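Residue numbers (our numbering): 22 to 200. A virtual CB, placed ideally from N, CA and C, is assigned to each residue, including glycine. Please read all numbers here as calculations on a predicted model, not as lab measurements.
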Amino acid sequence: MKLLIKEIDLGFLSAHYEHIEFRMFRSDDPLSFISCITCVCETSEDVVKNWRAIQNIVAVYYQPSSSLAAWNVYLAFVTVDKVPVWEKYEIENNKFTARKIVLDGLSEIPSIDQLAIELQKELLGSDLTLDSQVNESEGTLLYFGEHVRGAPLDSTSESREKRALMINNIIELLNQNEN
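Right, dumping it as structure tokens:
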């Protein structure tokens with residue numbers, strides 16, 4: 022999955038904050054819908070002073086149609102300044118309207134393409150990798166190892182179905198051996 026730049030009218034935000042640049046990013050996977058409104062601020066004070074009001078405006082003007090999509094809305098605040106730790110904590114742990122992230126302490130304001138890459142790292146974990154080598158020894162093998170080994174890790178529907186079948190088999194095994 023990737024985040025793509027989505028040209029959408031964010032005039033409802035720009036009209037209130039001329040000194041903040043707003044961008045929209047959306048996931049390219051229709052089954053895992055994620056949208057992120059990015060607020061590029063000149064200073065950390067702009068972030069701290071305006072984040073609540075921006076989230077309230079987003080709550081009024083940008084309401085996704087389904088409850089699942091509503092949980093997958095992010096507000097990202099970007100600035101070259103360092104946002105004070107407590108304020109950053111407060112912003113990122115506030116879940117009203119949208120989940121929030123703060124990208125601060127940057128050497129420069131990233132280009133829109135660089136911003137897409139940074140958001141993919143933050144929201145999708147695109148910088149994470151799986152170690153292809155597994156160090157297994159006889160003593161550390163899990164009881165369920167034979168039931169989950171070879172599970173596909175991609176997001177295709179076939180892989181999801183195979184993982185669901187594996188989980189159902191484990192549940193059946195646990196139900197049989199419950200006592």
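In three-state DSSP terms, what is LYS23?
Note: LYS23 maps to coil in three-state DSSP.
Straight-line CA distance for LEU31 to LEU25?
Straight-line Cα distance between these residues: approximately 16 Å.
Which term fits THR161, buried or exposed, when burial requires 16 or more other beta carbons within 10 angstroms of its beta carbon?
In this predicted model, THR161 has a pLDDT of only 37, less than 50, meaning its place in the structure is not dependable enough to derive any value.
Only counting the same chain, and skipping five residues up and downstream in sequence, which positions put a Cβ closer than 7 Å to that of SER35?
PHE43.
Ignoring anything shorter than 4 residues, give me the alpha helix (DSSP H) runs that lie fully in the region 48-120, in order along the chain.
With a minimum length of 4 residues, the continuous alpha helix (DSSP H) runs that stay inside the region 48-120 are 65-82, 88-92 and 106-113.
Give the DSSP-derived three-state secondary structure of ARG184 in the structure shown.
ARG184 falls in the helix class under three-state DSSP.
Less than 8 Å between the CB atoms is what I'm expecting for LYS116 and LEU96, so what's the real figure, rounded?
Actually they are not in contact, since the Cβ atoms of LYS116 and LEU96 sit about 11 Å apart, beyond 8 Å.
Pick from ILE55, ILE41 and SER56: whose alpha carbon is nearest that of ASP67?
Among ILE55, ILE41 and SER56, the Cα nearest to that of ASP67 belongs to ILE41.
Report the option in SER176, VAL169, LEU195 and GLN197 whose CA atom is closest to the CA atom of LEU186.
The residue with the shortest Cα to Cα distance from LEU186 is VAL169.
Smallest Cα separation from LEU99: which of ILE112, GLU113, GLU63 and ASP134?
Note that residue 99 corresponds to Val in the displayed sequence, not to Leu. Nearest option by C-alpha distance: GLU63.
For a test of the three-state rule: what should DSSP assign to GLU157, helix, strand or coil?
Residue confidence for GLU157 is low, a pLDDT of 48 falling below 50, so the modelled location carries little weight; the figure read from the coordinates is stated next. GLU157: coil per DSSP, three-state reduction.
I'd like the span of the alpha helix (DSSP H) that includes GLU139, first residue to last.
133-140 is the extent of the alpha helix (DSSP H) around GLU139.
Roughly how many whole angstroms lie between the Cα atoms of SER56 and ARG47?
Roughly 4 Å between the two C-alpha positions.
Under the assumption that GLU113 contacts VAL123 (Cβ atoms under 8 Å), give the Cβ distance between them as a whole number of angstroms.
Right, the Cβ-Cβ distance comes to about 6 Å (below 8 Å), so this counts as a contact.
With DSSP collapsed to three states, give me the class of GLU42.
Three-state result, GLU42: strand.
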